[in-house]
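Chemist: Here the protein sequences come in this chain order: A and B.
Quick note on this note's numbering: the first sequence kicks off at 1 and runs consecutively.
Quick note on this note's numbering: the second sequence kicks off at 1 and runs consecutively.
2 protein chains.
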Amino acid sequence: MERYLVISSDCHAGLQPEKYRDYLDAQYRDAFDGAFQAQQEQIKAAEKKFLVADINADWRRGHEDDLSGAWDHDARVRVLDGDGVAGEILFPDGITERNTPPFGAGLGLPTDGIDPELQWAGARAHNRWLVELCQMAPERRRGVAVVPALWDIDEAVKEVHWARRNDLRCILIPNVWGAHAPYHHPKYEPLWDVCEELDVIVHFHSGATQRRDFFGDWPAEGEPELPGAMGTYLTEVAWWVARPLNFLIWGGVFERHPNLEVAVTEGTCLWVPEFIQLMDIRYEESHGAQKLGDYRSHLSMKPSEYFRRNVMIGASCMSRREAEARHAAGIETLMWGTDYPHPEGSWPKTREQLTEVFRDVPVAEAAPILGGNAAAFYDFDVEKLAPLVARIGPETSWCGAPDA
Amino acid sequence: MERYLVISSDCHAGLQPEKYRDYLDAQYRDAFDGAFQAQQEQIKAAEKKFLVADINADWRRGHEDDLSGAWDHDARVRVLDGDGVAGEILFPDGITERNTPPFGAGLGLPTDGIDPELQWAGARAHNRWLVELCQMAPERRRGVAVVPALWDIDEAVKEVHWARRNDLRCILIPNVWGAHAPYHHPKYEPLWDVCEELDVIVHFHSGATQRRDFFGDWPAEGEPELPGAMGTYLTEVAWWVARPLNFLIWGGVFERHPNLEVAVTEGTCLWVPEFIQLMDIRYEESHGAQKLGDYRSHLSMKPSEYFRRNVMIGASCMSRREAEARHAAGIETLMWGTDYPHPEGSWPKTREQLTEVFRDVPVAEAAPILGGNAAAFYDFDVEKLAPLVARIGPETSWCGAPDA
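This is the structure in structure tokens:
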């Protein structure tokens, strides 16, 4: 009986909000206490905007014990085993909006109304805790350290060193920069240097957008949301998470750092073919762009070639359309993910989703997407995971077509 | 001998900068005089950033008389006849950066550092002059009135009435709104009302982006441009011009205004298939989005259906790739354009470009793209144009494949 090695390129973990206090540097605990209530209110308000109370209550009902896997090692092992997932990449924000690190140090890494020093303190608190969680099952877990990279690059470089020493080989940096410098700016060079040198993978995770455009000061306080706000957000969210690639590619970051690795997670993979084709067109075009002078001789390869060499896509719970588009997006580029424990993820129905999405995908193509690519990219020890996979891995007979 | 009716959905016209003075309301002439030198310097600086001096000097050399068609009726007739173009849609900014209306009332319609009252004054000056230019050849010209719609909607509505009374049946509104309300906001409702009622077509024309991200305060004043700034801009520019559609569709603007017509011009057509597919996926998706509650019941059709009903694409000088993608983008949706007198356009080599791009496109498919679609959309009198087409129209024998 053959089984898939499944690695979820997109999972989330977060401590109960009050417990982050112990992981903060002592000098930030008063600020933590002072801000705690207000932050919880904010988080509840955000949840109200993004999560329909009834649907979420429904979804959570009866899963309370399993949701505690957001912070609890034993529960997490039980859930992932049940889901057939041998390895995982751990982003912040365990249960959507409920387990976010303090001081705006969660997935969205906002820049407005944020105290950079406090955001850093919150990020460090989360990273410390994450190290502990990962060390309880190091062969199965790759933690993504939160790095608010827009402010002080020296701090960011230091945190990458700290993370790597503690066996966190991944970092999350903001995919939206507000009024700060985008990633083609030379100020980020030391960050790319250290990530390349230490083999630390840079992550962008979807969620943040220029959200003011959808959910801004209109309508006025207390008025109902504009119809269409959520639809516009959903339509754009994948663009905003892919956007940094534009700056990394054209900015020559991959040209100067051929070994720098980047993952773009939970932004679907539908945009990939058109995105890289468009950049190649802009790169190749002569007549229309000639008036603009030389904007490409600093790149020795086509944009799509950097993409294929330096970028992987955390495609999370792929839809059927995405599975059908796998060749255009690149089978070697895609990494499945369950998004556990978020309600939009496949858990607790991962088995059903895999069967539905991969029902006609040859095993030789499903295997890399479901785990093989992530195992190589994130350097999992496949030998060591083999006994676990033999016990919990989804059987290839119930998902995936036999190889032709 | 059969000939194509060619209508350029993307042309530009603009008065010599100093001559806009006479078209301004009297109370703004002092401001005009005071700002004139500074604005000319700014325009030169912008030109320097976007246009390589040598290439442009080369391109312009020997064409000076023909470039004066930007403002001169006789020259314009001679040029368009020579180019085989029977009808045209006239946007502002005649010669790139040189004939832009005063006070930031040109194509980009910026919001930063702008005095709304002056921007309106500049827009009205341009619109007055444009009426005169169009009246010299009304059967061939459709002028696009500049409407800085972000500020005061009553002003915008009044200007639409004025434009329609003066036979300008098209308006240009900003495709980037800075800190102002996006187009799903109810404040714009009177504008959509009047455009629908008076059959005035709303236009977005590519150029403006969140340009600070590419060309912002980095590097510091006087330092060289960041490598990659232009590539990132080129890659994103089509996204920023298509973006308003996201807000119009999800915001229910087309739902409430089934006869409102919108054109998106010079943003290529490559993004069309993926853009409408993505919106439909967001619309249809159930599991992943269910936590978000009801964000779509205010729409009675799929996003792609609004797109097909209410939107046309001014595809300007299509590339071969775009011609090859015509079925996916929608033959009934595409409108060719020469972009005269911009250097990235097809003029003075329109004949060669048509031959190159449409060499294997059946005449029955080339004809609507080259002119048929625009004739219907912009309500040109094809009968009246027939003698002109018989004289100047490109022969179907040298461009386009015989119909199968």
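Backbone N, C-alpha and C define an ideal beta-carbon position, used for all residues, glycine too.
Who are the Cβ neighbours of residue 435 of chain B in its own chain at under 7 Å, not counting the five residues just before and after it?
Modeler: Given that chain B is displayed from residue 1 to residue 404, the structure contains no residue 435 of chain B and the question cannot be resolved.
Chemist: Quick check on residue 246 of chain A - is its C-beta less than 9 Å from some C-beta in chain B?
Modeler: Sequence index remark: in the first sequence, residue 246 of chain A carries index 246 (1-based). With 9 Å as the cut-off, residue 246 of chain A counts as an interface residue toward chain B.
Chemist: Here's a check: name, in chain order, each residue in its chain whose Cβ is nearer than 8 Å to the Cβ of residue 233 of chain A, leaving out the five neighbours to either side.
Modeler: Against the first sequence, residue 233 of chain A aligns to sequence position 233. Excluding residues within five positions, the ones whose Cβ falls inside 8 Å are 209, 211, 214, 215.
Chemist: Quick check on DSSP: helix, strand or coil for residue 90 of chain A?
Modeler: One-based indexing of the first sequence puts residue 90 of chain A at position 90. Of the three classes helix, strand and coil, the one that applies to residue 90 of chain A here is strand, per DSSP.
Chemist: Would you grab the beta carbon distance between residue 200 of chain B and residue 160 of chain B for me? Rounded to a whole angstrom, and I think it's under 8 Å.
Modeler: Reading the second sequence from its first residue, position 200 is the one you call residue 200 of chain B. Reading the second sequence from its first residue, position 160 is the one you call residue 160 of chain B. So it is a contact: roughly 6 Å between Cβ atoms.
Chemist: Is residue 143 of chain A helix, strand or coil when you go by DSSP?
Modeler: The residue you call residue 143 of chain A lines up with position 143 of the first sequence. The answer is strand: DSSP assigns residue 143 of chain A an E or B state.
Chemist: Cβ atoms of residue 105 of chain B and residue 126 of chain B: under 9 Å apart, would you say?
Modeler: Indexing the second sequence from 1 puts residue 126 of chain B at position 126. Indexing the second sequence from 1 puts residue 105 of chain B at position 105. It is a contact, given that the beta carbons lie within the stated cut-off.
Chemist: For residue 170 of chain A and residue 300 of chain A, I'd like the C-alpha separation in whole angstroms.
Modeler: Residue mapping note: residue 170 of chain A aligns to position 170 of the first sequence, counting from 1. Residue mapping note: residue 300 of chain A aligns to position 300 of the first sequence, counting from 1. Distance between the alpha carbons of residue 170 of chain A and residue 300 of chain A is about 27 Å.
Chemist: Is the beta carbon of residue 302 of chain B closer than 9 Å to that of residue 335 of chain B?
Modeler: As a working note, residue 335 of chain B is residue 335 in the second sequence. As a working note, residue 302 of chain B is residue 302 in the second sequence. No; because the gap between Cβ atoms is not below 9 Å, this pair is not in contact.
Chemist: Residue 404 of chain B to residue 397 of chain B, Cα distance in whole Å?
Modeler: Sequence index remark: in the second sequence, residue 404 of chain B carries index 404 (1-based). Sequence index remark: in the second sequence, residue 397 of chain B carries index 397 (1-based). With a pLDDT of only 48 at residue 404 of chain B, under 50, the local geometry of the prediction cannot be trusted, and the value read off the model is given with reservation. The alpha-carbon atoms of residue 404 of chain B and residue 397 of chain B are separated by roughly 14 Å.
Chemist: As an exercise, report each continuous alpha helix (DSSP H) stretch of at least 4 residues that is fully enclosed by the region 299-377 of chain B, in chain order.
Modeler: Within the region 299-377 of chain B, the complete alpha helix (DSSP H) runs of at least 4 residues are 303-310, 320-324, 326-329, 350-358, 363-367, 373-377.
Chemist: Mapping the DSSP letters down to three states, classify residue 232 of chain B as helix, strand or coil.
Modeler: Residue numbering aside, residue 232 of chain B sits at position 232 when the second sequence is read from its first letter. Residue 232 of chain B falls in the helix class under three-state DSSP.
Chemist: Using the Cβ count rule (16 or more neighbours within 10 Å means buried), how would you classify residue 191 of chain A?
Modeler: Translated into the one-based positions of the first sequence, residue 191 of chain A becomes position 191. The residue is buried, with at least 16 neighbouring Cβ atoms inside 10 Å.
Chemist: Kindly list the residues whose CB is nearer than 7 Å to the CB of residue 118 of chain B, restricted to its own chain and excluding five residues on each side of it in sequence; keep chain order.
Modeler: Counted from its first residue, the second sequence places residue 118 of chain B at position 118. The answer, listed in chain order, is 28, 31, 103.
Chemist: Ignore the nearest five residues each way along the sequence and tell me which others in residue 242 of chain B's own chain have a CB closer than 7 Å to its CB.
Modeler: Within the second sequence, residue 242 of chain B is the residue found at index 242, counting from 1. Within the same chain, residue 242 of chain B has close Cβ partners 264, 267, 271, 275.
Chemist: At a CB-CB cut-off below 7 Å, which residues of chain A make contact with residue 230 of chain B?
Modeler: Position 230 of the second sequence, counting from 1, holds the residue named residue 230 of chain B. Within 7 Å Cβ-Cβ: 292, 295.
Chemist: Checking contacts by CB at 9 Å: is residue 226 of chain B closer than that to chain A?
Modeler: The residue labelled residue 226 of chain B in the question sits at position 226 within the second sequence. Yes, residue 226 of chain B counts as interfacial toward chain A.
Chemist: My guess is that residue 84 of chain B and residue 351 of chain B are in contact by the Cβ rule of under 8 Å, so how many angstroms apart are they, rounded?
Modeler: To locate residue 84 of chain B, count along the second sequence from 1; it is residue 84. To locate residue 351 of chain B, count along the second sequence from 1; it is residue 351. Contact holds; Cβ gap of about 7 Å.
Chemist: Roughly how many angstroms separate the alpha carbons of residue 339 of chain A and residue 12 of chain A, rounded to a whole number?
Modeler: If you number the first sequence from 1, residue 339 of chain A lands on position 339. If you number the first sequence from 1, residue 12 of chain A lands on position 12. The straight-line gap from Cα to Cα measures roughly 7 Å.
Chemist: Name, going along the chain, the residues of the region 257-290 of chain B whose beta-carbon falls closer than 9 Å to a beta-carbon of chain A.
Modeler: Listed in sequence order: 268, 270, 271, 273, 274, 275, 277, 278, 279, 281, 282, 283, 285, 287, 288, 289, 290.
Chemist: With DSSP collapsed to three states, give me the class of residue 124 of chain B.
Modeler: The residue you call residue 124 of chain B lines up with position 124 of the second sequence. Of the three classes helix, strand and coil, the one that applies to residue 124 of chain B here is helix, per DSSP.
Chemist: So the alpha helix (DSSP H) residue 392 of chain A belongs to, where does it begin and stop?
Modeler: Taking the first residue of the first sequence as 1, we reach residue 392 of chain A at position 392. Residue 392 of chain A -> alpha helix (DSSP H) spans 382-392.
Chemist: Helix, strand or coil, according to DSSP, for residue 73 of chain A in the structure here?
Modeler: Here residue 73 of chain A is taken as the residue at index 73 of the first sequence, counted from 1. Residue 73 of chain A: helix per DSSP, three-state reduction.
Chemist: Per DSSP, what kind of secondary structure is residue 397 of chain B in: helix, strand or coil?
Modeler: By 1-based counting over the second sequence, the position of residue 397 of chain B is 397. The answer is helix: DSSP assigns residue 397 of chain B an H, G or I state.
Chemist: Tell me which residues share the same chain as residue 194 of chain A and place their Cβ nearer than 8 Å to its Cβ, disregarding the 5 neighbours each side in the sequence.
Modeler: Numbered from its first residue, the first sequence carries residue 194 of chain A at position 194. Once the five neighbours on either side are set aside, the close Cβ partners of residue 194 of chain A are 157, 160, 161, 200.
Chemist: Please name the residue, chosen from B/251, B/58, B/385, that lies closest to residue 227 of chain A on a Cα-to-Cα basis.
Modeler: Within the first sequence, numbered from 1, the residue matching residue 227 of chain A stands at position 227. The shortest Cα separation from residue 227 of chain A among B/251, B/58, B/385 belongs to B/251.
Chemist: For residue 239 of chain B, return the contacting residues in chain A, with the cut-off set at a CB-CB distance below 8 Å.
Modeler: As a position in the second sequence, residue 239 of chain B is number 239, starting the count at 1. Going along chain A in sequence order, the residues near residue 239 of chain B (Cβ under 8 Å) are 239.
Chemist: So, does the CB of residue 404 of chain A fall closer than 9 Å to a CB anywhere in chain B?
Modeler: The residue given as residue 404 of chain A occupies position 404 in the first sequence. Confidence in residue 404 of chain A is poor, its pLDDT being 48 and thus under 50, which makes the residue's placement unreliable; the coordinate value appears in the next sentence. With 9 Å as the cut-off, residue 404 of chain A does not count as an interface residue toward chain B.
Chemist: Please confirm whether residue 357 of chain A and residue 319 of chain A have their CB atoms less than 9 Å apart.
Modeler: Here residue 357 of chain A refers to the residue found at position 357 of the first sequence. Here residue 319 of chain A refers to the residue found at position 319 of the first sequence. Taking 9 Å as the Cβ cut-off, residue 357 of chain A and residue 319 of chain A qualify as a contacting pair.
Chemist: Taking all protein chains shown into account, do 16 or more other C-beta atoms lie within 10 angstroms of the C-beta of residue 230 of chain A, making it buried, or fewer, making it exposed?
Modeler: To locate residue 230 of chain A, count along the first sequence from 1; it is residue 230. Buried.
Chemist: Select from the region 152-183 of chain B all residues with a C-beta closer than 9 Å to any C-beta belonging to chain A, and list them in chain order.
Modeler: For the region 152-183 of chain B, which is checked against every Cβ of chain A, the residues closer than 9 Å are 177, 179, 181, 182.
Chemist: Which residues in the same chain have their Cβ closer than 6 Å to the Cβ of residue 329 of chain B, if we skip the five residues on either side of it in sequence?
Modeler: Taking the first residue of the second sequence as position 1, residue 329 of chain B is located at position 329. Within the same chain, residue 329 of chain B has close Cβ partners 269, 272.
Chemist: Can you tell me where the beta strand (DSSP E) holding residue 150 of chain A begins and where it ends?
Modeler: For the purposes of this step, residue 150 of chain A is taken as the residue at position 150 of the first sequence. Looking at the DSSP string, residue 150 of chain A is not in any beta strand (DSSP E), and its letter there is neither H nor E.
Chemist: Considering only the beta carbon of each residue, do residue 406 of chain B and residue 341 of chain B sit closer than 9 Å?
Modeler: This structure cannot speak to residue 406 of chain B, because chain B is shown only from 1 to 404.
Chemist: Going by C-alpha to C-alpha distance, which of A/347, A/77, A/277, A/99 sits closest to residue 36 of chain A?
Modeler: Position 36 of the first sequence, counted from the start, is the residue given in the question as residue 36 of chain A. With distances taken between Cα atoms, residue 36 of chain A lies closest to A/99.
Chemist: Chain A beta carbons: is any one of them nearer than 9 Å to that of residue 206 of chain B?
Modeler: Counted from its first residue, the second sequence places residue 206 of chain B at position 206. Answer no: the Cβ-Cβ gap between residue 206 of chain B and chain A never drops below 9 Å.
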